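For the sequence shown, the UniProt record's numbering assigns the number 1 to the initial residue and increments by one for each residue that follows. Down below is the structure, laid out as C-alpha cells.
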Amino acid sequence: MTDTDIPASFPVPLPLTLPLPLANRRVVVVGAGSHTGRALAHAASAAGAELILAGPDPRKLEWTAGELSGPAKVVPVDLTDEASIAALATATGRFDHLVSTAALPANGPLADLELADVHRAFAAKVYGPLLLAKHLAPNAATDTPDGASFTFFSGVAAWRPAPARTVMATTNGALAFLVQALAVEIAPVRVNAVSPGIVDTGAWDRLGADKAAFLHSTATRNPTRRTGTTEDLTRAVHYAMTSPYVTGTVLHVDGGGRLA
Ligand SMILES: NC(=O)c1ccc[n+]([C@@H]2O[C@H](COP(=O)([O-])OP(=O)(O)OC[C@H]3O[C@@H](n4cnc5c(N)ncnc54)[C@H](OP(=O)(O)O)[C@@H]3O)[C@@H](O)[C@H]2O)c1
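Pasting the structure below:
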C-alpha cells in the first residue's frame with residue numbers, strides 16, 4: 001500500500017471503548033449516590049460490571065441503582081465508622097475493583113477550624129481508604145488478567161494549596177502517599193489514586209450564579225484551557241482498574257491546573 005492508497009477518512013468511526021471490558025467483574029463504588037460516583041457506576045455498569053453501590057445515603061444509592069440496566073446491589077456505608085466498613089466487606093464478598101470518591105471537606109480559615117470536622121475530613125480521604133483496604137483486600141480477586149484494584153480520589157488542592165484549604169490539601173496529599181504504601185502492603189492488589197482538578201461534576205452547583213464565572217476563570221488558567229468533565233474522571237478510573245502494571249500511582253486529571 002502506498003500513501004496515495006490511504007483513504008482521507010475512515011468510513012466507520014473507530015470505537016472509543018472495547019466491548020464490555022468489565023464483564024464478569026464485580027465493582028464496588030463508594031460515593032455512588034451522587035456526582036462522580038454515580039457517573040462511575042453508570043460507566044462500569046455499561047462496561048458489563050456487576051455493581052455494589054455504597055455511600056452514606058441509601059435513597060441516593062437506590063436512585064442510582066434504578067438508573068442502571070445491569071445488576072446492582074445497594075450497601076450503605078459510612079467511612080467515618082469502621083463497623084460500617086466491615087459490614088460492607090461482608091455484604092460485598094469477592095470483588096474485582098473498588099473505587100471511592102468519598103469526601104467530607106473541612107474548609108475555612110485556620111482560626112475557625114473545628115477538630116471534629118478535621119477528623120471527618122481525614123476519615124473520608126485517609127482513614128476510610130485505609131480501612132477499606134484493611135477489610136476488603138482479603139476478598140479481592142487477584143486471579144484475573146487485570147488483577148484486583150482500589151482507586152481512591154485525591155485532589156489538586158494537595159499540589160496547589162490555597163488559604164482556607166489547608167485540611168483539603170493535607171488529606172489529599174496524605175492519600176497520595178497512602179496509595180503508595182498500600183500498593184506495597186496489599187500487593188498484588190493494585191492501589192492508585194485519581195487527582196482531579198476543577199471538574200464540573202455537579203458539586204460546584206452550590207456556587208449558584210457564580211459557578212459559570214468560576215469555571216471560566218479556571219479554564220483560562222488551566223494549560224488545557226478548559227475544566228474537567230465526569231467523563232475525564234471515568235476514563236482515568238477505568239484505566240486504573242484495567243491496567244495490570246499500574247499501581248502506587250497518582251493519575252493527575254487536572255488539565256495541568258496544579259502547574260499553572
Ligand atoms: N469536583 C471537583 O472539582 C474536584 C476537585 C478536586 C478533587 N475532587 C475530588 O473528587 C472526588 C469526587 O468529586 P465530586 O465532585 O463528585 O465530589 P462530591 O460530590 O462531594 O462527592 C463526595 C462523595 O462522598 C460521599 N460521602 C460523603 N460522606 C461520606 C461518608 N461518611 N462515607 C462514605 N461516603 C461519603 C458523598 O455521598 P452522598 O452523595 O450520599 O452525600 C458523595 O458521593 C471527591 O473525593 C473530591 O474531593 C473533586
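Beta carbons are placed, not taken as given, at the ideal position from N, Cα and C, and that holds for glycine. A quick note: this is a predicted structure, and the numbers were derived from the prediction, not measured.
Proximal residues to Leu53 (C-beta, below 8 Å), its chain only, five neighbours per side dropped: Val29, Ala32, Gly33, Ala41, Leu61, Thr64, Ala65, Ala72, Lys73, Val74 and Val75
Expected contact under 8 Å - CB spacing of residue 263 and Arg120 to nearest Å: The structure shown does not extend to residue 263, since the chain spans only 1 to 260, so no value can be given for it.
Three-state secondary structure assigned by DSSP to Val156: helix
Ser154 vs Ser195 beta-carbon contact at 7 Å: yes
Cross-strand partners of Ser195 (DSSP beta bridge): According to the DSSP secondary-structure assignment, Ser195 is paired through a beta bridge with His252.
Alpha-carbon spacing of Leu88 relative to Thr218, whole angstroms: 37 Å
Counted within 10 angstroms of its Cβ, other Cβ atoms place Leu110 as buried (16 or more) or exposed: exposed
Leu79 and Ala124 closer than 7 Å at C-beta: yes
Rounded straight-line distance, which links the Cα of Gly147 to that of Ala203: 32 Å
Contacting residues, own chain, Cβ-Cβ under 7 Å from Pro188 (five flanking each side not counted): Thr142 and Gly147
Whole runs of the alpha helix (DSSP H) within the stretch 89-126, excluding any shorter than 4 residues: 115-122
Segment contact, 8 Å Cβ cut-off, at least three pairs: the stretch 247-258 with the stretch 174-194: Yes, since at least three Cβ pairs between the stretch 247-258 and the stretch 174-194 fall closer than 8 Å, the two stretches touch.
Near ligand 1: Gly155 beta-carbon under 6 Å from a heavy atom: yes
Three-way DSSP call (helix, strand, coil) for Leu79 in this model: The DSSP-derived three-state label of Leu79 is coil.
Beta-carbon proximity list for His135, same chain, < 6 Å, skipping 5 on both sides: Ile85, Ala86 and Ala89
Whole-Å CB distance - His238 paired with Ala43, under 8 Å assumed: 7 Å between Cβ atoms; contact.
Same chain, Cβ closer than 8 Å to Pro145, neighbours up to 5 away in sequence not counted: Pro244
Span of the alpha helix (DSSP H), counted from its first residue to its last, around Ala44: His35 to Ala46
Between the CA atoms of Leu182 and Val126 - distance to the nearest angstrom: 12 Å
Cβ pair Leu175, Phe152 closer than 7 Å: yes
Outcome for Gly228 when other beta-carbon atoms lying within 10 angstroms are tallied against a minimum of 16: Burial call: buried.
beta-carbon His252 near ligand 1 non-hydrogen atom, thresh 6 Å: no
Residues sharing a beta bridge with Ser149, DSSP: Partner(s): His97 and Arg190.
Three-state class that DSSP yields for Arg26 in the structure shown: strand
Spatially closest choice to Ala260 from Ile198, Thr230 and Thr101, by CA coordinates: Ile198
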